[in-house]
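Numbers 1 to 1173, taken from full-length UniProt numbering, label the letters of the sequence shown in order. Ideal placement from N, C-alpha and C gives every residue a C-beta, glycine not left out. The structure displayed is predicted, hence computed values, not measured ones.
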Amino acid sequence: MKQFYSTVILVFCLQFGFGQIGFERNVVIDKSHKGRRVTSVLSADIDGDGDIDVLSSSEDNQILWFENVNGLGEFFPHKISHTVYDATFVNVADIDGDGDLDILAASDPSVTYTDKIVWFKNLDGLGNFGPEILISNSASGVNKIISADIDNDGDLDVLSSSFDDDDIAWYENTDGLGSFGNEQLIDSYADYAKGVEVSDIDNDGDLDVLSISLSDHVVWYENINNGSSFSAGTVINSTSRNELHISDIDGDGDEDIFSSTNTSVVWQENLGFGNFSQENIISDNLNMVKSIYTVDFDSDNDLDLLVAAYDDNKLIWFENLDGLGDFGVEQIISSNVSKPISVFADDFDGDSDIDVLLGSFNISLNSVEWYENTDSQGSFSEAKYITKSAGQDVNSVIAVDIDGDFDLDLVSTSYRITGWYENQDGLGDFATQKFITSRGSTSINQSSIISAGDIDGDGDNDLVLVSTLQSNTAYSQIFWIENIDGLGSFEVEHLVSPAMTNTNSSVNLSDIDGDGDLDIAYTSFNEGGWFENLDGAGNFANTDTNIFISDYASSLLLVDLDDDGDMDAVSSGETVMYNNGSGGFSSNGTSRHRYNDYDSKNVIVNDLDNDNQSDLIFAEGWYSLDNDNDYYLEQNIDTNNSQGAVISGGDLDLDGDFDIVSCGNYVNEITWNENLDGLGTFSPKQIIDSNLTNPTSIITVDIDADGDLDLVSTSQYEVILYKNNLNPEVNVIEGNIGLSVNGNDCGSILLNNVLVITESDSETIGTYTTINGDYRLFTGQGNYITEIQNTPYYYTSNPISQTSNFVGIGNTEIIDFCIEPSGIHNDLNISIYPSQDDPRPGFNTTYQIVYSNIGTTQLSGSVSFEFDDSKLNFLNASETVASQTANTLTFDFTDLNPFETRTIDLEFNVFAPPTTNIGDELVATATISPVAGDETEEDNTFSLQQTLIGSYDPNDITVLEGDQISINDADKYLHYLIRFQNTGTASAINVRVETILDDKLDWATIKLESLSHTGRVEIIDETDVSFIFNNINLADSTNDEPNSHGYIAYKIKPKSDVEVGDIISGIADIFFDFNPAIITNTVSTEIVESLSVNEFNVQTIQVFPNPVKNKLEITSSQIIDFMTVVDINGRVLKEIKLSNLEYSLDVSNLTKGVYFLEIQSGDSKSTNKFIKN
């Protein structure tokens, strides 16, 4: 069965007049695949793929099967039916004799519906089932159904036991295809029948029938004539029984009987010909045994016993000590299960031992789970949940990259369940829930607000949450949970706080004391405080530091209100507190005047009125800072939205201002209010969704990386994603690109950074595939031809191209491509980029080696990096160094797939003067091997030449080949590096970098080498390139300088018709959120006849900051002889003669506008544009 494993279900799409926003409702998780009050479970290979799947029936009318998606016990739910009312039992059998497994199900509904026994045909052997087919509606209170060939005609018939009418019956499969005859009674006086089994009890070659009941106990019926008649029941045991199971427990070749009472489990040996021994008691100290099963847990080739004790809430097993039925003491698998009602056993993880399957008759917790046999000897893991539910009373959700794949996953909290959902494709297609905490936790109970960050400094996102105590829900504690592998494996719960009264209602992570690590801040209903991260490794102070005392403080926001570089505090109550930089808080006389006693659950901050001051936004209204440093009510957001208790915000309609979205716990709706004038005047509320039950939280975030803000909300049982289809004036072409290896499925290797273009008569649009091989293009109306661009000649694309004809807007077409190799070709290449800091004497500098396999074969080899050890001291590398000499580092790589790119980050220290000085040159060379036999051996080596500088602009563009290339090298790549840094005082949510390709560059050859952060690329009309980093949350240099940098590395070839004397230029505009563009320097590369060794230069001139207010800094790697300032009309404003490498130009007297700076260095001349603010 081809499975995309998507839990996203399209429910509706709304279009509003305000801002033309359309929201598409997608359910991430709800209770529809949970199966509340499970009544039976079993396992079988439903889809014929060789691994073990799971089935369940439940009292909420559902028959479900759970696909084992990887053969290792990761399950995905599929609904077979939701109309088997009060389903009591499910089983599998090949009813129609076509070689696959069909489904049997029974129901015992209330008076509204009729009892029935039905089957579902497996239509294709892959787990796609047809509608229910009735077998019988005669039985009343059916509690068990099995299949067996009762009449010995070669097909499977069905048997049932029914509690209400006291019947044991069978139904003949009349044609072997699933057409069944009428009910045939075996016993109509089995008072309160509770189970049925079949076995050849008397060794006469046909199948006899066994049953249990509350009054007639354990009985067997002889099959006298191939099912045409049965003998009267022979009582085997006269004690009231709950459960029946048969198996050969003593290894003598016949099947013995297991049964249970309210307190005990016993077995009786089959002595032959229908005779059974007395009871052998296995345990008589149990409460309400509901299910038993026999299987070999300890790999000693005999059958052990598995038991579910319903009233004891435990799952146990008993070892068959001698293989003859002598059982040991109970061994607990779990004593923390809720109402265990059905057990089964199978190898769910493919490791050749037997694991345990359990179904529980509970309503609020996940009710189907499995336990791994960890040592093949009967030692079991904690529960691994198969049914997935966000839990009851889901109360919060956050978006964060849990697994380190650079897209946003989701985490939700609820009653005793904290789970996360992987964003599988970066586009909002979420995988099934993975548990972080559940009822197996001994400490986590009612989880509430959750926050994420790197608490222990290991580079991944950990979680912090608040939980009430299991022993007393009036008290709560704060925990942080470690992401142990950076991939979303959470195992260790660390207690942060002691038990506190006034149950905590929010928790936040931030560097409160300015020491570079994340501390934890919290609120309860009447106070707020913080715990210091003492060592940056997650060891927290035992006592908290007070932030404020306030009433109704249900949430706390940490934000730099006064632009002094530290985190201040705002509560949803009445308090604003300012941080002194070390974690000490004071009010500075600032307070918020509560306008009215609305139920505000949180607060957000934004400059709504564009006065360069932070405004406070609550559900009922927003507050601005007045001249007395006091917050006052500016205006209401919506007087009709007073019960919208939780709010979030952002530029939902991309008109440059801040809109508000809210949800209420008294009204079951989500609404948004448009900021009409960019100054905080809001429209009436617009309903996004009113089909909710007790919505509890809402966040705004770009989940699908399409450049607009989506919404994620929680309600009683649900986590819902609302995709913002902001621009209805487009059509979408999307798909996936994979590589076919040895003629195998094209999805085996998904291709990243492959350029895909679509072209019409009026426009050309391009983008690159994501890490999962996905792409998305936005087009207008008309005919578009889509194809893969710029693959090596030894690859072909299937299809080569595809045409889309769009009539109207809002259409989506899926076009998948498969790239297929032709022949065996080895082709490696390598580049070096100065990824963050230019080399300066006495400072550290960084490099990134980028190497790729664009051949057709998987390769292993080595990468060497040769550097000038007289000027550089090696500090560290992101990969293990295989060998090292004084001036060379060597790294090994293995199994580099076709189209795969890898990187190695290096850090060096540049020796201080007089060892190195400004103007000195550095040369580094990288080589990737094997070289021999490579299709293009020349690109297996790359040399980078740099000039040491004294200072530099952190937002710049560089061409690594310098200001000249030989005409003989004009067919080779030019390597460009754009670097950016957030030099503001708050993190940048979104970053966009735009550049226009020079008309002498061949846009079809552009290749994306590396991005510092996950982003997407748009190429419009072959020239306009945009690098878009949504939700980058780039730190600001004031608070976190090392993480305030980003970069873009790409390469592109000149056109084939360039000539000597042609100059190729590049410049970039960098946008941080809604701020004006920062314009980089201009780099130029001239094509010359030939290069002399003395003509080497890298980025001759740097001009910064740009835009500039007062002082413009100019640096050059060559002596500046003459400088001219020219205005936009060509008038010369100033001429300066000098002989320096650096110069500080005073532009404070210039009026705002665009100017040009002409710089003469020897025979070279360059022109740079700058903007005066």
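Item                                                                                                                                                                                    : Value
What's the call for Lys116, buried or exposed, on a 16-neighbour Cβ count within 10 Å?                                                                                                  : buried
By how many angstroms is the C-alpha of Asp566 removed from the C-alpha of Asn580?                                                                                                      : 8 Å
List in chain order: all unbroken beta strand (DSSP E) runs of 3+ residues lying wholly within the segment 542-583.                                                                     : 545-549, 556-559, 568-571 and 576-579
For the segment 946-956 against the segment 977-996, do three or more pairs of beta-carbon atoms, one drawn from each stretch, fall closer than 8 Å, so that the two count as touching? : yes
Can you tell which of Leu652, Glu197 and Asn675 has the C-alpha that lies nearest to the C-alpha of Gln635?                                                                             : Asn675
Along the chain, where does the beta strand (DSSP E) that runs through Thr83 open and close?                                                                                            : Careful: Thr83 lies outside any beta strand (DSSP E) and carries neither H nor E.
Would you mind reading off the limits of the beta strand (DSSP E) that contains Thr1029?                                                                                                : The question names Thr, but residue 1029 is Phe in the sequence shown. It spans Asp1024 to Phe1029 - the beta strand (DSSP E) in which Phe1029 sits, taken as one unbroken run.
Tell me, to the nearest whole angstrom, how far the beta carbon of Ile29 is from that of Val719; I am working on the premise that it is less than 8 Å.                                  : 5 Å
By the 10 Å Cβ neighbour count, where 16 or more other Cβ atoms means buried, how is Leu64 classified, buried or exposed?                                                               : buried
Exposed or buried, Pro834, counting other C-beta atoms within 10 Å across all chains shown (16 or more means buried)?                                                                   : buried
Using the C-alpha atoms, what's the distance from Val730 back to Thr779?                                                                                                                : 5 Å
Taking the straight line between their C-alpha atoms, what separation do you get for Asp351 and Ala44?                                                                                  : 16 Å
Would you give the residue range spanned by the beta strand (DSSP E) that Cys663 belongs to?                                                                                            : Asp659 to Cys663
Restricting to Cα atoms, I'd like to know which of Asp689, Asn694, Asn752 and Asn736 is closest to Lys723.                                                                              : Asp689
How is the beta strand (DSSP E) around Lys723 delimited, first residue to last?                                                                                                         : Val719 to Asn724
Give the secondary structure of Asp837 by DSSP, where H, G and I count as helix, E and B as strand, and everything else as coil.                                                        : coil
Which one of Asp568, Val329 and Ser147 has the shortest CA to CA distance from Ser161?                                                                                                  : Ser147
Could you say which of Leu896, Asp895, Asp868 and Asn897 lies nearest to Leu889 if we only look at CA atoms?                                                                            : Asp868
Where Tyr598 and Ile637 are concerned, what is the direct C-alpha to C-alpha distance, given to the nearest angstrom?                                                                   : With a pLDDT of 45 at Tyr598, under the threshold of 50, the modelled position of this residue cannot be trusted; read the value that follows with caution. Distance between the alpha carbons of Tyr598 and Ile637 is about 13 Å.
So is Ile617 buried or exposed if we call it buried at 16+ other beta carbons inside 10 Å?                                                                                              : buried
Do Leu558 and Ala521 have their C-beta atoms within less than 8 Å of each other?                                                                                                        : yes
With a CB to CB cut of under 8 Å and the five nearest residues on each side skipped, what residues in its chain are close to Thr1151?                                                   : Lys1172
Does DSSP put Asn182 in a helix, a strand or coil?                                                                                                                                      : coil
Can you find the residues in the same chain that come closer than 8 Å, C-beta to C-beta, to Gly488, ignoring five residues on each side of it along the sequence?                       : Ile402, Asp403, Asp409, Trp420, Glu422 and Lys434
Below 8 Å between beta carbons: does that hold for residue 1178 and Gln686?                                                                                                             : Limits of the chain in this structure are 1 at one end and 1173 at the other, which puts residue 1178 out of reach.
Give the DSSP bridge partners of Glu921, in chain order.                                                                                                                                : Thr947
Evaluate Ile386 with the Cβ neighbour count: other Cβ atoms within 10 Å of its Cβ, from every protein chain shown; 16 or more gives buried, anything less gives exposed.                : buried
According to DSSP, is Glu937 part of a helix, a strand, or is it coil?                                                                                                                  : helix
Over what stretch of residues does the beta strand (DSSP E) that includes His825 continue unbroken?                                                                                     : Premise fails: His825 is in no beta strand (DSSP E) and is neither H nor E.
Taking the continuous beta strand (DSSP E) assigned at His245, which residues delimit it?                                                                                               : Glu243 to Ser247
Give every residue of the same chain whose Cβ lies closer than 7 Å to the Cβ of Thr916, excluding the five residues on either side of it in the sequence, and list them in chain order. : Pro841, Lys871, Val910 and Leu948
Mark Leu358 as exposed unless 16 or more other C-beta atoms lie within 10 angstroms of its C-beta, in which case mark it buried.                                                        : buried
Examine the Cβ distances between the segment 1055-1073 and the segment 873-885 and report whether three or more of them are shorter than 8 Å.                                           : no
Tell me the DSSP secondary structure of Asn1173 in three-state form.                                                                                                                    : coil
Could you name the residues of the same chain whose beta carbon sits closer than 8 Å to that of Asn287, not counting the 5 residues immediately before and after it, in chain order?    : Asn262, Thr263, Ala309, Tyr310, Asp311 and Asp312
Does the beta-carbon of Ala105 have 16 or more other beta-carbons within 10 angstroms, so that it is buried, or is it exposed?                                                          : buried
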